[in-house]
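Undergrad:
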Amino acid sequence: ALPKRPMVFRGQVTDTADMGMLTLTPRVHYPLPGGSALVTFEQSEVAQRIVAMKEHVVELSHGEEPDRCRVRVRAEPVELLLPSTLQVGPSQPGPRATRAPLPRAHRTVSQLSLSRSCRRVLLSGLPNLDILEEVLLDKLELFFSKAKNGGGEVESLELLCSGQAVLSFAQDGGVWGAGAGAGTGSAGGSGLSLPPAVAEQLIARGVVQFPIKKTKYEIKISPYMSGDVTSLQLCPSRCARTVLLRGIPDVLDAELMRDTLEIHFQKSSRGGGEVDALGYVPEGQWAVAIFEEDVD
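Using the UniProt record's numbering, read the sequence shown as starting at 1 and increasing by one per residue.
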């Protein structure tokens, strides 16, 4: 018998009610025209105060003629469209789709009906290397086409954002044997052997060591879920800590204007406070800001 020893559980406990739930985290692309800036403050109260003041006079320098070194900019709230109601139906015949309201918070949880593919897997944690996408895809396809790596014949490979890719295999597990009753696993003497699907075997493994450039990288393998959005309703949601500045003239180079705006809006005497981030787009240019979940 083993001696009694105190044990401490350090794992993660999951409520059974949360199983089968899909967590949606909005990632909003927000276009920024020229002559504008986005300022994110550490405190939401500061952002609200800046918006309430509307117009702000920013001093560009402290020379002898300050009247010629000032610009007026407008502060506006940032309104984003976030899902309020989402309905997803399976892309293949399956359970009836469910309809669930999504809260206006940045992090939303909804129970959805999706279909799990038997031939596709989702690859995560792909290495961010200084090589062409085509080269990375070729090496991935070669790796997962080998049986010793748990793979099979690759049908397609699609690279997604954030180091992810969708890998599709040509077969889902049903392959023809040499003849009737050809060995163990044959189905009713028809010669059709039914080994586990290649995708399912990889999912069971969970991770693989992918070698490239004399280094091995751990790639996570997950089930590929698919569905069709049949109904989507959006509602406006105001960013609590971010302010949009408009009407910024092109009178300084981009870096100097960015520093000037940050200095101005950090001053409490101007209604500002601690600036967390600032992005400036000069006139004649444009950019896209990406809003993600605020974990604070």
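Ideal placement from N, C-alpha and C gives every residue a C-beta, glycine not left out.
With DSSP collapsed to three states, give me the class of S231.
TA: In this structure, S231 counts as strand in the three-state DSSP scheme.
Undergrad: Under 8 Å, with one C-beta from each stretch per pair, do the region 32 to 40 and the region 285 to 294 reach the 3-pair mark?
TA: Flag = yes, the region 32 to 40 and the region 285 to 294 touch.
Undergrad: Mind checking who I221 pairs with in its DSSP beta bridge?
TA: According to DSSP, I221 bridges with L123.
Undergrad: Among V166, T260 and S162, whose alpha-carbon lies nearest the alpha-carbon of C69?
TA: Of the candidates V166, T260 and S162, the one whose C-alpha sits nearest the C-alpha of C69 is T260.
Undergrad: Assuming contact is defined by CB atoms lying nearer than 8 Å, are L32 and V275 in contact in what I supplied?
TA: Not a contact, by the Cβ cut-off of 8 Å.
Undergrad: Figure out for me which residue from E158, N128, T40 and Q201 has the closest Cα to the Cα of A75.
TA: Residue T40 is the option with its Cα nearest to A75.
Undergrad: Tell me which residues share the same chain as G206 and place their Cβ nearer than 8 Å to its Cβ, disregarding the 5 neighbours each side in the sequence.
TA: Answer for G206: K220 and I221, listed in chain order.
Undergrad: On the CB-based measure, 16 or more other CB atoms within 10 Å of its CB, does D247 come out buried or exposed?
TA: The sequence given here places Gly at residue 247; Asp does not occur at that position. Exposed: under 16 other Cβ atoms inside 10 Å.
Undergrad: Can you tell me whether S237 is buried or exposed? The criterion is at least 16 other CB atoms within 10 Å of its CB, across all chains shown.
TA: Buried: at least 16 other Cβ atoms inside 10 Å.
Undergrad: Judging by CA-CA distance, which residue of E262, C118 and A240 is the nearest neighbour of P77?
TA: Taking only the C-alpha atoms, the option nearest P77 is A240.
Undergrad: How would you write the range of the beta strand (DSSP E) that L252 sits in, first residue to last?
TA: Careful: L252 lies outside any beta strand (DSSP E) and carries neither H nor E.
Undergrad: So is T242 buried or exposed if we call it buried at 16+ other beta carbons inside 10 Å?
TA: Counting Cβ neighbours within 10 Å, T242 comes out buried, since at least 16 surround it.
Undergrad: Could you tell me which residues DSSP puts in a beta bridge with A287?
TA: Answer is L32, bridged to A287.
Undergrad: In whole angstroms, what separates the C-alpha of G227 from that of R120?
TA: Near 14 Å, if we compare the C-alpha coordinates of R120 and G227.
Undergrad: Could you spell out the range, first to last residue, of the beta strand (DSSP E) harbouring S44?
TA: First-last for S44: S44 to M53, but that is the alpha helix (DSSP H), not the beta strand (DSSP E).
Undergrad: Got a sec: does the ligand SAH put a non-hydrogen atom nearer than 7 Å to the Cβ of G34?
TA: Of the ligands one can find in the structure shown there are none, so the ligand SAH has no counterpart to examine.
Undergrad: Between G163 and Q201, is the Cβ-Cβ spacing less than 8 Å?
TA: Going by C-beta atoms, G163 is not nearer than 8 Å to Q201.
Undergrad: Would you report the Cα separation of residue 307 and R27, rounded to the nearest angstrom?
TA: For the chain, the structure presents residues 1 to 296; residue 307 sits outside this window and is missing.
Undergrad: Does DSSP put Q171 in a helix, a strand or coil?
TA: Q171: coil per DSSP, three-state reduction.
Undergrad: For P211, is the classification buried or exposed, using 16 other Cβ atoms within 10 angstroms of its Cβ as the cut-off for buried?
TA: P211 is exposed by the Cβ-count criterion.
Undergrad: Here's the rule: buried if 16 or more other CB atoms are within 10 angstroms of the residue's CB, otherwise exposed. What is I50?
TA: Its Cβ being crowded by 16 or more others within 10 Å, I50 is buried.
Undergrad: Expressed to the nearest angstrom, what Euclidean distance is found between the alpha-carbon atoms of Y30 and C161?
TA: Distance between the alpha carbons of Y30 and C161: 17 Å.
Undergrad: Quick check on the burial criterion: 16 or more other C-beta atoms within 10 angstroms. Buried or exposed for P83?
TA: The residue in question, P83, is buried, as its Cβ has 16 or more Cβ neighbours within 10 Å.
Undergrad: Classify S268 as helix, strand or coil using the three-state DSSP reduction.
TA: S268 falls in the helix class under three-state DSSP.
Undergrad: Count the other CB atoms, across all protein chains shown, that sit within 10 Å of the CB of S156; report buried if there are 16 or more and exposed otherwise.
TA: By the neighbour-count rule (16 or more Cβ atoms within 10 Å), S156 is not buried but exposed.
Undergrad: What does a CB cutoff of less than 8 Å around L256 pick up in its chain, not counting 5 residues either side in sequence?
TA: Nothing meets the Cβ criterion.
Undergrad: Where do the ends of the alpha helix (DSSP H) carrying A204 lie?
TA: Unbroken alpha helix (DSSP H) run through A204: V198 to R205.
Undergrad: Name the one or two DSSP bridge partners that E158 has.
TA: Partner(s): V166.
Undergrad: Going straight from the alpha carbon of E134 to that of V154, what length do you get?
TA: Going from the Cα of E134 to the Cα of V154 covers about 15 Å.
Undergrad: Quick check: Y224 and V166, are their CB atoms within less than 8 Å of each other?
TA: For Y224 and V166, yes; Cβs fall inside 8 Å.
Undergrad: What is the rounded straight-line gap between the Cα of A47 and the Cα of T215?
TA: A47 and T215: Cα-Cα distance of roughly 46 Å.
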